[in-house]
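Chains as they are written, first to last, in the working numbering: chain U, 1 to 490; chain C, 1 to 344; chain S, 1 to 187; chain Z, 1 to 100; chain L, 1 to 167; chain D, 1 to 458.
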């Protein structure tokens, strides 16, 4: 029941906000999301780490087509649900200062978005997963479309079609799997797993690409990333936060839950290609990021680079890779949120995001500078920050997979340090430019958002074990599959 | 077989001749009736009482200069009156002109073909008769002709519907489409098989049919296609000599055939009262019947003329209103009531 | 109200019986059929001529006197009197030796009446001081061309050997009339 | 007795000519006539088959085709006249915009 | 005899059908179409479909074609104002129709294999009585429904044809 | 049959209303009458009737689609009152629309080629007139004319096909034809297949699938918008169902022989319609192409002909027609008296009339096949069937083209939400709002709970 509540509570709130259009929509949304987060925490507390959980809910939905409404929370889901429910209150809170026009619609859409995201992370039915996957797209599309920046019509549509295209291939792949299930077909994840694993290596390979395309576009992995920088730039900051903080993770979650266990043989045979793509993405995005003049774009490319590393680590299909990816997903979510928020703060005060036109912000905003520094350190994976744990694990797995790829992937840290510190140096230090003279330091409200984030960065960096434990059992389950499958094949 | 062909050939020729003869003398009758109704004498110079007048007219038509307008469509200009004449003559094929004569043990029916769809055949022929007018009017390349042609086509089509509907009621009564059978159903004498003429059962149908027949023949008061006060001569404005003669002739033949059809459908055809009670020879009865039929036809031809000199011409909108808003509804009502009575 | 048969137009709605028109048509055809049995009004013309009135005004004649001389003196009064302006004439002086031909010293060298214009009103006859022009009971005959209807003297002057009697038109009333003082020149 | 395939061939030819006319001409009213030609070819096939199969339903079907053809023509010509009334021109070029 | 008649009628039908398509003047087209219709009517007689023959003439020749001529005359469409169609299109049209013809005729090649349903009693099916029977028993519903069709057409034509000025 | 009679009766009532001076109440009367008709259909539910020697057979299939047609028509009537009330020829228009429905009901319930033919013609002839009912507008005239010419041309093909099939099978009765084919499947003469092909051509015209679609965009954009709405919903349902009945039920034994042809049609339809739609700036025209494209997807269902193809057909048509009706309904209101249906009328609609814009967005999203709306589910089922039948290429093509579809469906959405309002007029009446909202709701609910609808024809 808790799962159901976590899934539908945001929707209820969204409907209430949308229909009643209360004046203080943001407060209602905030309180509701905090409540949601508390429930999620409650689940964490009660969570049975051994794997068998009572958080499943399963009723038939469209019995004639073997589709059921089947949701459950296991370790992996829980991490992501936690991330989602945790970030949304922050996102809402961060928007308090600069309210969007028509706030009711805005917050309703955010709540619907949250519902869809939770749905994606909890669905255990292929069709349901797809529905939520697509449903997540609609609110974020409208958020970007209505409240976005310049040239938004074209860019958001590109984003929409791009991601939809990928997901439609996923749909075909799922359908194909569905028809491979025995008897009156079923979309249940177990049935899909069985169907996928029963296929020959070649078929698995094809399916692998069908599914991977959707996830790769969402993450995004090179060369499917072209929508991402534009969209991140044009979207309103809350939209960007949602996109980079949570929505990206849908792709990883898909890989973890709906790709690798489904077609393990295909995955292992194509893993090299996919990892190479990811690594190329890392280097490519980093190089571009160095040349970026717009700070928001820089963060966007940085995000591609980080994501590349996560995906490369995941695709090694090792325990360390999995765990690293999970930790890094959480960490990246927090860090990306923080980065974009700081970017927005600077933008609102100086009306500029161009690195070159800023400088010397440190003089007028010391606290901001400090927080920014900590966040950047987290991003470039300094030890004792959250970024370090994830990247370390990921690089570890990558090195063990292939030493050259490991080296190439490792450049992400070097490059990251280059462009981040470079940007930091220009914007915060250096000579004060006329535009940056208008800067003021963090308000109490902004502090309320950023301080917990800073604390989180350190907490996860120093003591990530509880998080790893949550997902431990679920990850082992999946890894078991890999070993048996590869054993079978050999 | 030979005798059959011979008999049919003779019959065709005879009926053809009679038709032309009647039509020719209809022109004479038209003028005479007009004269009498207007307290005049009418033509009386050619022959005694002017009975050679049709010959004189024919001669005149033939002798006149044949003018085909330069801008006209020459082929169609000639085709128009030909079609008019042809279709007019074709209608007489299915009309039963009398009973059957028995000569030398062989029975000869006084009818060219007894089609089982006789009424429809007449209908078909009448309906294609309008092409003569349309083609001629159009080919003349004259606006009056064209107007006449357009009027004719609209008028013919409009009134055909009411005509058809009025006949449907009759066919519901008779149960056959063959004209001979319809005639025979109206036969009878005193000895138990007494039947009235159809007009008794279908008075409304008869009136509608009659009015439509007037319209189909372009007779006054429905002579809008050729009304001289508006359209000079309507569709035959440009015509002269025998081609004009063909048009006029066709009109009189149509009148004759219409009268014959009316007589056959509603007035017993070649039957006459008490025909079976007189105890006469069958051949004699047949001959008398034929004469009676022609008397009936003569009466209706006279009636056509009578009406012509009584009722003024309709206006075009009145014509259409009458056709669509009066005759068709009444005809439908007539069908309905006939059906009701038949069922009861 | 020129005639006693005119009716006032009454625009009232027609009754049902009037609207179906059939009774009216029936009465119409009954009227026409009655005419069928009436005596025809036609006169078979060339064989049988219609009675004409005594003072019928037909084709003109230019009278000669008892000696056969033309009476007309080309005074032009007839032309003046003519409302239709149908009469034209050219006067000429009588030469020696023409006394037997023309009664007066002046005579009409040409005298034309356009019969297409003439309305046979008889004013020329009344105007004539010499009793030279009279209208007769003859009928102007048909012809083929318009030119033929301009009658000149060859058609108008009465032949010497075939005098035209106009006495019928000289009824007592006319004669009395002509005795009026106004017409004293006739004496 | 005429073999049935003769009739079918004839109808095929007539039908094709009708199709040709529809595609070949641009004059709307001639196109309409060519459609009538097509329908007549169909009628011929129907009657031929009906005769051949000794089954009157084919001929009955022809009645319906005729009724429909009459209705269609009436509607079509009404549309033509309406267009004419709207454009106030006798020129058939108004239908130029019909692209096919 | 019948076969010759068939050939004659067919020739007339096909020839005038071609003339319908290729006549420059709409009036000629209409007149040729009438000729075609009569030829087809002749075929009906050959096939002993008398009733259909008469109805065909009444409906097509008597009503439909008169309407055509009426409209051609009313709109004065006799001028050859037909827009020029590119010869490529015309060629394409001819190709299309030709292909259709080939397909149709080709498919009819195997017609000989059809066996006649019964012995030749076809003479009776074309007469009024048997047709009427079928029409009012088997096909009663379509017959009734056809009235809806005609009503709809009538309403539509009146609606389109009526001049709005009266309102 | 009862429903058919009621609908027929409504047509006559409409005509009588002109005489009896009941014009003002006519519109409401028709809606009530249609509701009664739906009630009658529901009363016959799950039973099978055949009428007049199997001329019409009302089985579950026919009843379901009859109900769908009438139900969609009810909503259509609710939206379209400005087209009728107070307009010239109000009664004629109502009567014609109702007669169109008579034709449509016949097309979903026929059991004899004669009924099919008459149904198609009743529907078409009324529609020709309705397409031109905007008598003063030249494009309306042109639409009527083009529709008429192409419609009757198609009828010619259809009839030739029927004639040849009749010759080969000796009957017009669907059941007898099927039996005859099944019994002599290998011995059918060649011309039977030609007849089949000609019927296919004729029906393809009627459902406006490529390559016989070219009339549709002009006709759809030329006709009065509400009539376009009617054409793309009620009429489309009838035509598609008739297509299905002929080729999937009547010619079931030889279905394989036409599947290849239909595959080509599917490929062409989805490609051409979707790509052309991208270039349209007129929303009405865009929706016209979209309706062609949807026919392509429906034909894909016919091609794959899975276990539940009837249910899929029903569900697809339901989802398509509700969304389409909502979209056209809003468009017709926005068009107003200006008559413009270009993209501009949608500019900033969200700020002028949020309800309309959200309903429009839902409708377009559903048409684009975005979950969780019904359109997605419909498309999903069709893709599933196609995949199941092994048409992987067609499925991929369908997916790519529906992505193209997303592009053009989103153009109105984009301008609705970000454009600046050109006028502040968005005069949706209360009833229209209600109906459009209801349709959007149906789209949503049918998308979330499709099971009951699919199993209506299980």
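All C-beta atoms, glycine included, are put in the ideal place defined by N, C-alpha and C.
Values in this document were obtained by computation on a predicted structure and should not be read as measured data.
- Counting only runs of 4 or more residues that sit fully inside the stretch 24 to 98 of chain U, the alpha helix (DSSP H) segments are 25 to 46 and 75 to 94, in chain order.
- Any Cβ of chain S closer than 8 Å to the Cβ of residue 38 of chain C would place that residue at the interface, and such an atom is present.
- The Cβ neighbour count for residue 90 of chain D, taken over all protein chains shown within 10 Å, is at least 16; the residue is labelled buried.
- Counting only runs of 3 or more residues that sit fully inside the stretch 6 to 60 of chain S, no beta strand (DSSP E) segment turns up.
- DSSP places residue 451 of chain D within a helical segment (H, G or I) once states are collapsed to three.
- For residue 448 of chain U, no pairing in a beta bridge is given by DSSP.
- Taking a cut-off of 8 Å on C-beta distances, the stretch 157 to 176 of chain S touches the stretch 60 to 76 of chain S, as three or more cross pairs fall below it.
- The CB of residue 58 of chain L comes closer than 7 Å to the CB of 120, 123, 124 and 127 in chain C, given here in chain order.
- For the 8 Å CB-CB criterion, residue 3 of chain U and residue 57 of chain U form a contact.
- Within the model, the alpha-carbon separation for residue 137 of chain L versus residue 408 of chain D is close to 53 Å.
- Collapsing the DSSP output to three states places residue 293 of chain U in coil.
- The shortest CA-to-CA distance from residue 335 of chain U to any of U:376, U:210 and U:484 is the one to U:376.
- Here the alpha carbons of residue 59 of chain L and residue 161 of chain L stand approximately 21 Å from one another.
- For the stretch 111 to 126 of chain D, the residues whose beta carbon sits under 7 Å from a beta carbon of chain L are, in order, 114, 115, 118, 121, 122, 125 and 126.
- DSSP lists S:111 as the beta-bridge partner residues of residue 89 of chain S.
- Proximity to residue 84 of chain D across D:125, D:59 and D:29 peaks at D:29, based on C-alpha coordinates.
- Contact check for residue 118 of chain C and residue 210 of chain C: beta-carbon distance about 19 Å, past the 8 Å limit, so the pair fails to qualify.
- Residue 41 of chain C is not a Cβ neighbour of residue 162 of chain C, given a cutoff of 8 Å.
- Excluding its 5 nearest sequence neighbours in each direction, residue 78 of chain D has C-beta neighbours in its own chain below 7 Å: 31, 431 and 435, listed in chain order.
- When the beta-carbon positions are compared, residue 26 of chain U and residue 96 of chain U come within less than 8 Å of each other.
- Rounded to the nearest angstrom, the Cβ distance from residue 41 of chain Z to residue 18 of chain Z is 6 Å, consistent with a contact under 8 Å.
- Contact residues of the stretch 46 to 64 of chain S toward chain C are absent (C-beta to C-beta distance below 8 Å).
- Chain D places a beta carbon closer than 8 Å to that of residue 63 of chain U, counting this residue as a contact.
- Contacts with chain D (Cβ-Cβ distance below 8 Å) from the stretch 132 to 161 of chain L involve 137, 138, 139, 140, 141, 142, 145, 146, 148, 149, 151, 152, 153, 155, 156, 157, 158, 159 and 160, listed in chain order.
- In the structure shown, residue 117 of chain S falls within a coil segment according to DSSP collapsed to helix, strand and coil.
- Scanning D:315, D:343, D:54 and D:353 for the CA closest to the CA of residue 281 of chain D turns up D:343.
- By the Cβ criterion, the stretch 169 to 187 of chain C is not in contact with the stretch 229 to 240 of chain C, since fewer than three pairs of Cβ atoms, one from each stretch, lie closer than 8 Å.
- Beta bridge pairing from DSSP links residue 100 of chain C with C:109.
- Within the stretch 329 to 371 of chain D, the runs of alpha helix (DSSP H) at least 4 residues long that lie entirely inside it are, in chain order, 349 to 352 and 354 to 368.
- With respect to residue 364 of chain U, residue 440 of chain U sits close: the two C-beta atoms are nearer than 8 Å.
- A direct Cα-Cα distance of roughly 47 Å separates residue 117 of chain S from residue 73 of chain L.
- Interface residue (Cβ-Cβ distance to chain C less than 8 Å): residue 15 of chain S is not classified as such.
- Listed along chain U are 65, 175, 178 and 179, each with a C-beta nearer than 8 Å to that of residue 384 of chain D.
- For the 8 Å CB-CB criterion, residue 275 of chain U and residue 312 of chain U form a contact.
- In the structure shown, residue 380 of chain U falls within a coil segment according to DSSP collapsed to helix, strand and coil.
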